[in-house]
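Residue numbers (this note's numbering): 10 to 302. Idealized CB from N, CA, C, for every residue including glycine. This report concerns only the one structure given below.
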């Protein structure tokens, strides 16, 4: 007899992958603690979400920042346990614990710099890299996103819209708790962190997927292979209006190869239909670049 339940159960991660995930979440949480304690918090610049609220409470009540980060985040993970899953919840709680401990250890260390413009740039970038690493390896360091997921499931607003509104009020509150200058610097730091998260998530060597429809598909496909060293895939398609059968070229390239790809297409068919989009990750297949002869 076949055990159906065992077939449907999720495949467990290998031990090496679990260790790698643990290490990267640890590094990410420590980087965030460095950004907070050695750059942003000493200069009264804060992050958004629960961490931003924690910074304000820590300032007003003169209690350790790590205490508020841990205590204020925990309820959201218990509330959203079913929505985010066991693995994500455990990774997140671990990340929050590392972040809280690291902020306590780094708190006595004096700030690296006190020039607010430099603090905003470097603090925001380090913060974003740290958060991005944690997200990339299956965790989170802020419960506000989980709160947004819970609210969005029962409202017409998206997770992004809810997070934006929450952070808007947090930065307004920061203007009263600290100064309006600090609040404005905080918005800039948050934006820099947001972009740094994207870079960590997508990678510097961002890949792109291209879909090309042309009657000269064979010539274009051969040229892409010869001049770019990339393998192509031919897909079959049918025009909804004309009913004609068409061949579609699919290829994954790096962003540095985009211009050359367009040059190849225009050489054979300047009226070809081309759609190019960003790809956050490429695994398997034959994406590795071939030698160009």
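Is the beta carbon of residue j closer than 8 Å to that of residue i?
i: residue 188; j: residue 149; result: no
i: residue 198; j: residue 132; result: yes
i: residue 142; j: residue 36; result: yes
i: residue 134; j: residue 51; result: no
i: residue 239; j: residue 257; result: no
i: residue 266; j: residue 244; result: no
i: residue 183; j: residue 192; result: yes
i: residue 251; j: residue 241; result: no
i: residue 176; j: residue 104; result: no
i: residue 218; j: residue 286; result: yes
i: residue 281; j: residue 274; result: yes
i: residue 160; j: residue 171; result: yes
i: residue 129; j: residue 194; result: yes
i: residue 229; j: residue 222; result: no
i: residue 81; j: residue 62; result: yes
i: residue 196; j: residue 68; result: no
Return the Cβ separation of residue i and residue j in integer angstroms, given the expectation that the two are a contact with Cβ distance under 8 Å.
i: residue 64; j: residue 55; result: 4 Å
i: residue 38; j: residue 138; result: Actually they are not in contact, since the Cβ atoms of residue 38 and residue 138 sit about 12 Å apart, beyond 8 Å.
i: residue 155; j: residue 79; result: Contact doesn't hold; Cβ gap of about 15 Å is too wide.
i: residue 305; j: residue 74; result: Missing from the structure shown is residue 305; the chain here goes from 10 to 302 and no further.
i: residue 145; j: residue 209; result: 6 Å
i: residue 216; j: residue 260; result: In fact, because the Cβ distance is near 11 Å, the residues do not count as touching under 8 Å.
i: residue 224; j: residue 279; result: That pair is no contact at about 12 Å.
i: residue 115; j: residue 46; result: 4 Å
DSSP beta-bridge partners for residue i?
i: residue 259; result: 220 and 242
i: residue 275; result: Its beta-bridge partners do not exist; DSSP assigns none.
i: residue 267; result: Looking at the DSSP assignment, residue 267 forms no beta bridge with any residue, so it has no partner.
i: residue 254; result: 247
In the structure shown, what three-state DSSP assignment does residue i receive?
i: residue 284; result: strand
i: residue 26; result: helix
i: residue 4; result: Here the chain comprises residues numbered 10 to 302, so residue 4 is not present and cannot be evaluated.
i: residue 188; result: coil
i: residue 167; result: coil
i: residue 196; result: helix
i: residue 225; result: coil
i: residue 291; result: coil
Using only the heavy atoms of the ligand SAH, determine whether one of them is closer than 7 Å to the beta carbon of residue i.
i: residue 45; result: Among the ligands in the structure shown, none appear at all, so the ligand SAH cannot be discussed.
- Taking only runs that begin and end inside the stretch 34 to 73, name each unbroken beta strand (DSSP E) of 3 or more residues, in chain order. none
- Whole runs of the alpha helix (DSSP H) within the stretch 87 to 152, excluding any shorter than 4 residues: 90 to 93, 95 to 115 and 125 to 145
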